[in-house]
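Colleague: Quick one: the structure is below, questions incoming.
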Amino acid sequence: MRLHLTGSATASLILRIGLGVEFLMFGYGKLVDVGGWIAFIPPWMSPLLPASVGTFLTVIGVAELLLGVLLLIGLWTRVIAVLAALHLVGVLVAVGYNDLAIRDFVALASALALAALGPAGCHYSIDGHRTTASSPHLITSPRP
């Protein structure tokens with residue numbers, strides 16, 4: 000079986016899968032070990048939170064799981080990528096430079112690239128199916 004994807008569709012698929020898995024791991028990690036993540040919240044931030052640090056991180060974990068699932072299935076790709084990027088900017092600003100900053104910066108760059116690309120006609124996403132279904136003239140025959 001050959002995947003008939005353009006360069007941008009392939010890039011979109013790879014970015015969606017990579018970011019989706021990463022956000023699933025972010026969220027899962029916070030839900031199974033919220034105490035381990037509390038140390039990453041700077042002291043100045045605690046009074047600004049609408050709830051306890053543990054509750055805040057649990058809500059963030061659920062949101063990250065949701066972002067991961069939506070990225071993996073390719074639903075609202077551009078919007079979700081922008082939300083992921085905004086979340087990552089918040090993380091980088093709040094937490095600052097630490098062991099995880101490079102990982103978060105690379106994830107931010109990936110989210111911005113995916114926001115720019117969008118679904119890019121990738122058939123392996125809900126957005127891609129909706130685009131080709133509503134615009135049949137965009138469908139081209141696969142190359143041999």
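Positions 0 to 143 (numbering that gives the first Met the number 0) are the ones given, in order, by the sequence shown. Where is the CB? At the ideal position from N, CA and C, for every residue including glycine.
If Ala84 and Leu107 are in contact, beta carbons under 8 Å, what's the gap, nearest whole angstrom?
Modeller: Working through the sequence shown from its first residue, we reach residue 84 at position 85. Working through the sequence shown from its first residue, we reach residue 107 at position 108. Contact flag correct, Cβ pair sits at about 6 Å.
Colleague: Please state the DSSP three-state secondary structure of Trp75.
Modeller: Reading the sequence shown from its first residue, position 76 is the one you call residue 75. It is coil, neither helix nor strand.
Colleague: Assign Trp43 to one of three DSSP states: helix, strand, or coil.
Modeller: Translated into the one-based positions of the sequence shown, residue 43 becomes position 44. Of the three classes helix, strand and coil, the one that applies to Trp43 here is coil, per DSSP.
Colleague: Applying the criterion that 16 or more other CB atoms from any shown protein chain within 10 Å of the CB defines a buried residue, is Arg15 buried or exposed?
Modeller: To locate residue 15, count along the sequence shown from 1; it is residue 16. It counts as buried.
Colleague: Considering just the uninterrupted stretch of the alpha helix (DSSP H) at Ala119, what are its terminal residues?
Modeller: Position 120 of the sequence shown, counting from 1, holds the residue named residue 119. Careful: Ala119 lies outside any alpha helix (DSSP H) and carries neither H nor E.
Colleague: Hey, out of Gly28, Phe39 and Gly67, whose CA is closest to Ala80's CA?
Modeller: Translated into the one-based positions of the sequence shown, residue 80 becomes position 81. Of the candidates Gly28, Phe39 and Gly67, the one whose C-alpha sits nearest the C-alpha of Ala80 is Gly67.
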